[in-house]
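To start, the structure under review is shown below, and the notes come after it.
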Amino acid sequence: MIEERVDPINIDVGELVQRTVASLYANLVTRPTGRAVRQAIEQQLQGDRRMAVSLIDFTEVRILDFSCADEVVAKLVARYLDPDRPREAFFLFRAVEELHSHTVEEVLRRQSLAAVCDVGAGYFQLLGEVEARERDAWQRIERAGRLVPRDAEQALGKGWIEPARNLATRRLVFMGPGGDITALSAMV
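Okay, so the sequence shown: first residue is 241 according to the working numbering, each after it adds one.
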């Protein structure tokens, strides 16, 4: 069983853009810029093998084009789905509001990926490619925050284990060794 909260790793994308590409503006508009930001995020995650929840914060980013969303969101998510990932990391993308949600959703869908995003005022939503049954299970887990196995069937419905495991495999929820299921938003 895990603690309900994990110390998040906060990553300010706007600050990374300014630092890694020496830009006065936090705009993500070229693939090399997106690649540099993703590599800087990966570098911040290196070295520690403990589980982490990373809050990737787009608050200061005004422009996010498709190539940068692909580099910073899709490639980062895909890398940490790989069984050979460098560490146990889960991602929450903050400030993916109307300004960026279409771009993020599209790049994730193109690669059959999904991510948990704060779309404003602390409201979390799944963006990307998710089956209806998984989306329904995710929404119920998100509302509950955390479910223990004995409560999961009542909260998620009959046949809950398959969609819950799929969500955990895709790193959209955390499933502990005892079967507890925790929404990523409840871990930060």
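For each residue, glycine too, the CB sits at the ideal point set by N, CA and C.
Inclusion of G254 and D310 in the CB contact set at 9 Å is not warranted, their separation being larger than that value. Residue pairing by DSSP places G418 opposite no residue, since no beta bridge is assigned to it.
Membership of Q365 in the beta strand (DSSP E) is indicated by the continuous run F364 to G368. For I296, no alpha helix (DSSP H) run applies; the uninterrupted beta strand (DSSP E) run containing it begins and ends at A292 to D297, by DSSP.
Closest in C-alpha terms to L295, from the list G368, A329 and D305, comes A329. Residue pairing for A423: DSSP places it in a beta bridge opposite V413.
N250 is bridged by DSSP to L295. Following the DSSP letters along the chain, one finds D358 inside the beta strand (DSSP E) bounded by residues A354 to D358.
Where R334 is concerned, there is no enclosing alpha helix (DSSP H), although the beta strand (DSSP E) around it starts and stops at A329 to R334. Distance between V317 and R411, taken at the CA atoms: about 9 Å. DSSP places R259 within a helical segment (H, G or I) once states are collapsed to three.
If you look at R302, you'll find it isn't in any alpha helix (DSSP H); DSSP assigns it neither H nor E.
Burial check for E371: the Cβ neighbour count within 10 Å stays below 16, so the residue is exposed. For C308, the closest C-alpha among the options R290, R289, E346 and R325 is that of E346. M415 counts as buried, since no fewer than 16 other beta carbons sit within 10 angstroms of its beta carbon.
With a contact defined as Cβ atoms closer than 8 Å, P326 and L285 qualify at about 7 Å. Excluding its 5 nearest sequence neighbours in each direction, R375 has C-beta neighbours in its own chain below 7 Å: L366, listed in chain order.
Within the model, the alpha-carbon separation for Q258 versus A335 is close to 18 Å.
Its Cα nearest to that of Q279, the residue V313 stands out among V313, R289, E369 and A426. In this model, A361 and R386 are separated by some 20 Å (Cα to Cα).
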